[in-house]
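Worksheet for the structure shown next.
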Amino acid sequence: MESVASRADFRYGGRVSVPSSWINGHPVATSGEMHRVINPATGSAIADLALATPADVDASVSAARAAGPAWASSTPADRSAVLARLATVMAANADTLVAEEVAQTGKPVRLATEFDVPGSIDNVEFFAGAARHLEGKATAEYSADHTSSIRREAAGVVATITPWNYPLQMAVWKVLPALAAGCTVVIKPSELTPLTTLTLARLAAEAGLPDGVLNVVTGRGDDVGSALVGHPDVDLVTFTGSTAVGRKVMAAAAVHGHRTQLELGGKAPFVVFDDADLDAAIQGAVAGAIINSGQDCTAATRAIVARDVYDDFVAGVGEVMNKVVVGDPLDPNTDIGPLISAAHRARVSSIVDRAPAQGGRIVTGASSPDLPGSFYRPTLIADVAETSEAYRDEIFGPVLTVRSFTDDDDGLRQANDTAYGLAASAWTRDVYRAQRASREIKSGCVWINDHIPIISEMPHGGFGASGFGKDMSDYSLEEYLTVKHVMSDITGVSDKDWHRIIFAKR
Ligand code: NAD
C-alpha cells in the first residue's frame, strides 16, 4: 500500500483511495460499503475506502490464528528484534504518520509531532525491550513429591477495537504488548480514523513482522466491530472507547467466554487546595482541559477548588482560555483544532447549552468560531451543581466545569463522587495533603501538581465505569499472557503416596 500522505497534500483537498483492510501481510480491497474519511478541520473528504465485510473479519481471524503458533514460539529476542525495527521504520516515516493523524483527526500538528507520533514510537521501543523480560516465577518443590514451575504463554488471537481520539497511540498501546507477549492481533480502528492503523500494519510488514501476525479490518462498530469481538475463534478482546460501547463489547465477548480488557471513559477531578501554586494550577487546568480539544479520556473536566481561592481560579482560567488559539491544525501556532465531527460538536454544544438551566455559569466559550470545520471554543462553566449533566457526564470537548469545596474531606469526597475512575490530579504544596489525596482518590492515576503526562514504563487504566486492565508498562503484558502451572512428579514411583486416599487396599 502506498502511503496516503505521500500521494496527497491534505491541505489542498487531496483525496486518495486506501485498502479496506490489511490481512495476512497484504492490503485487501473488498466490496464492502464505500466510506469517506473526513478532515474535521475542513469538512472535506481525504480518503475513500470500502469498509471490510464479515468475510474479511473471518479471513483476518483465520490469518491471525494460522500465524499464532510460529509467532508464539519465536524467541523473545526474535520478537524484540522485529519490534525494534518497527520503531526505526516508524521514525523514518514519522512525517507520513503526522500528516495522516492531523488530517483524519484535526489535531494540531504540534500535538501530533511532539506527542502522538514520538509517544507511539517510544511505546514500540519499550515493548521491544519488554519482550525479553517475560518470565515465570521460580521453579520449586511445593510438595515433597513434585516440582512446580510456571509458564507464561501467549493468550492467543487478540481482537482489538480502538477509538478516534488518538488513533495511532491507542493502536500501539494495544497491539505492541500483544505482539511482545507472542499473541497475534486483528485490530479494528474507528471508521472515522483508519489511516494510521493501516499504515502501522504496512510499516510492521516492512519491519519484518511475519504475515498474519497483525491484521487490520476497517468498519463500523455495530457490524464489523461486533463481528470481531463476538468471533468464536478469538481468545481475548481488548477495547478502548466509551463506557456504553465497552459494556456491549463485554457482553458480545461473554457469549464465547472471551477474556476482556476495557479502557473506557473518564471524568477526571482536578482538586486545587488553598495552598496550591495558583498560577501553576490555572495553567495546568487549561492545558489539561483543552488538550486534543478535550477529546482525551484523562482530560481535566471537574475542577474542585478550595473556596478561598475559587474566585481567583475561575478568573485566571477564564483569562488563559480566552487566549487559546483555535484554528487550522496545520498552523504551528494553533493550540486546538476542531472536534472530531459536526455531530460530536452538536452533542458537546447541546450539553453546554443546557448547563445554565442546571445552575452552571458560563464564564467563557460556549461558542464556535466562524470556520468551516467542527471547531468549538474552550469553555469554562463555574458553579455547576453536583447533579448537573455537564459535571457528571463525559462531554469529550474542551469544557471545564468548576465547583468549590469547604475543607479537605469535602474536596476529596467530591473528587470521588463519580462512576468513573481513570485519572485525577491534586494541587498542593503540602506533602501530607498530597499523600492523602493520592491515597484516597479512586482512580488509576493520580498526578500531584500536574495533569496529563504519561510514560511508557507506567500503567494506564481505570476502575469502575472507566474499565479494568492496563495499557502501557509491564503490567499491560500481563493482559496478553496466560499463567500455566506445570507440576512434575519427581519420585518415579507408580504407587504414589497420595493414592492412599483413592485406594482403600494398597
Ligand atoms: P466509541 O465507544 O464510540 O467507539 C470506540 C470503538 O468501538 C470504535 O472503533 C467503534 O467503531 C467501535 N464500536 C462501536 N460499537 C461497537 C460494537 N457494538 N461492537 C464493537 N465495536 C464497536 O468511542 P469513540 O467515540 O471512538 O472514542 C471516545 C471514547 O473513548 C471516550 O469515551 C473516551 O473516554 C474513550 N477513550 C478511553 C481511553 C482510555 O484509555 N480509557 C482512551 C481513549 C479514549
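For the sequence shown, UniProt numbering gives the first residue as 1, with consecutive numbering after it.
Built from N, CA and C at the ideal position, the CB exists for glycine as well.
Would you grab the beta carbon distance between residue i and residue j for me? Rounded to a whole angstrom, and I think it's under 8 Å.
| i | j | result |
| --- | --- | --- |
| residue 412 | residue 380 | Their Cβ separation, rounded to whole angstroms, is 23 Å, which puts residue 412 and residue 380 out of contact at 8 Å. |
| residue 507 | residue 462 | Outside the shown range of the chain, which is 1 to 506, sits residue 507, and nothing can be said about it. |
| residue 383 | residue 359 | 6 Å |
| residue 218 | residue 83 | 24 Å between Cβ atoms; not a contact. |
| residue 224 | residue 52 | 5 Å |
| residue 187 | residue 162 | 7 Å |
| residue 152 | residue 134 | 6 Å |
| residue 207 | residue 15 | Actually they are not in contact, since the Cβ atoms of residue 207 and residue 15 sit about 28 Å apart, beyond 8 Å. |
Taking only the alpha-carbon atoms, compute the straight-line gap between residue i and residue j and give it to the nearest angstrom.
| i | j | result |
| --- | --- | --- |
| residue 19 | residue 455 | 33 Å |
| residue 422 | residue 502 | 51 Å |
| residue 505 | residue 258 | 45 Å |
| residue 190 | residue 439 | 36 Å |
| residue 47 | residue 315 | 43 Å |
| residue 311 | residue 305 | 9 Å |
| residue 220 | residue 178 | 23 Å |
| residue 37 | residue 373 | 14 Å |
| residue 110 | residue 88 | 21 Å |
| residue 490 | residue 482 | 25 Å |
| residue 31 | residue 57 | 13 Å |
| residue 335 | residue 369 | 14 Å |
Which class does residue i belong to by DSSP, given the choice of helix, strand or coil?
| i | result |
| --- | --- |
| residue 486 | strand |
| residue 166 | coil |
| residue 111 | helix |
| residue 190 | coil |
| residue 100 | helix |
| residue 461 | coil |
| residue 228 | helix |
| residue 388 | coil |
| residue 26 | strand |
| residue 149 | strand |
| residue 293 | helix |
| residue 21 | strand |
| residue 246 | helix |
| residue 175 | helix |
| residue 209 | coil |
| residue 510 | Look at the range of the chain in this structure, 1 to 506, and you will see that residue 510 is not part of it. |
| residue 301 | strand |
| residue 552 | This structure cannot settle anything about residue 552, because the visible part of the chain is limited to 1 through 506. |
| residue 156 | coil |
| residue 278 | helix |
Check for me: the alpha helix (DSSP H) holding residue i runs from which residue to which?
| i | result |
| --- | --- |
| residue 123 | 117 to 130 |
| residue 430 | Run containing residue 430: none; DSSP gives neither H nor E here. |
| residue 313 | 307 to 322 |
| residue 58 | 54 to 73 |
| residue 76 | 76 to 92 |
| residue 473 | 473 to 479 |
| residue 202 | 195 to 206 |
| residue 351 | 342 to 354 |
Note down, in chain order, each residue of its chain lying with its Cβ closer than 7 Å to the Cβ of residue i, except the 5 sequence neighbours on either side.
| i | result |
| --- | --- |
| residue 65 | 157 and 233 |
| residue 54 | 227 |
| residue 296 | 165 |
| residue 246 | 239, 262, 264 and 467 |
| residue 255 | 230 |
| residue 492 | none |
| residue 465 | 243, 264, 265, 419 and 420 |
| residue 212 | 24, 25, 63, 64, 66, 67 and 184 |
Excluding sequence positions up to five away, which residues of its chain have a Cβ less than 6 Å from the Cβ of residue i?
| i | result |
| --- | --- |
| residue 231 | 61 |
| residue 242 | 265 |
| residue 577 | Nothing can be reported for residue 577, as the shown portion of the chain is limited to 1 through 506. |
| residue 479 | 261 and 469 |
| residue 366 | 352 and 379 |
| residue 364 | 318, 321, 322 and 380 |
| residue 418 | 267 |
| residue 3 | Any reading at residue 3 must be qualified, since the residue scores a pLDDT of 44, below 50, and its modelled position is unreliable; the value itself is stated next. For residue 3, where only same-chain residues beyond five positions count, the Cβ hits under 6 Å are 96. |
Provide the residue span of the beta strand (DSSP E) that contains residue i, from first to last.
| i | result |
| --- | --- |
| residue 270 | 268 to 272 |
| residue 142 | 140 to 143 |
| residue 260 | 259 to 263 |
| residue 217 | 214 to 217 |
| residue 48 | 44 to 50 |
| residue 413 | Not the beta strand (DSSP E): residue 413 falls in the alpha helix (DSSP H), residues 408 to 415. |
| residue 405 | 399 to 405 |
| residue 183 | From DSSP, residue 183 is part of no beta strand (DSSP E); its letter is neither H nor E. |
| residue 36 | 34 to 39 |
| residue 380 | 379 to 382 |
| residue 236 | 236 to 240 |
Counting only the same chain and skipping the five closest in sequence on each side, list residues whose C-beta sits under 8 Å from that of residue i.
| i | result |
| --- | --- |
| residue 107 | 101, 116, 292, 293, 329 and 337 |
| residue 278 | 272, 309, 312, 313 and 316 |
| residue 425 | 268, 269, 270, 271, 284, 288, 300, 446, 447, 448, 449, 450 and 451 |
| residue 430 | 273 and 275 |
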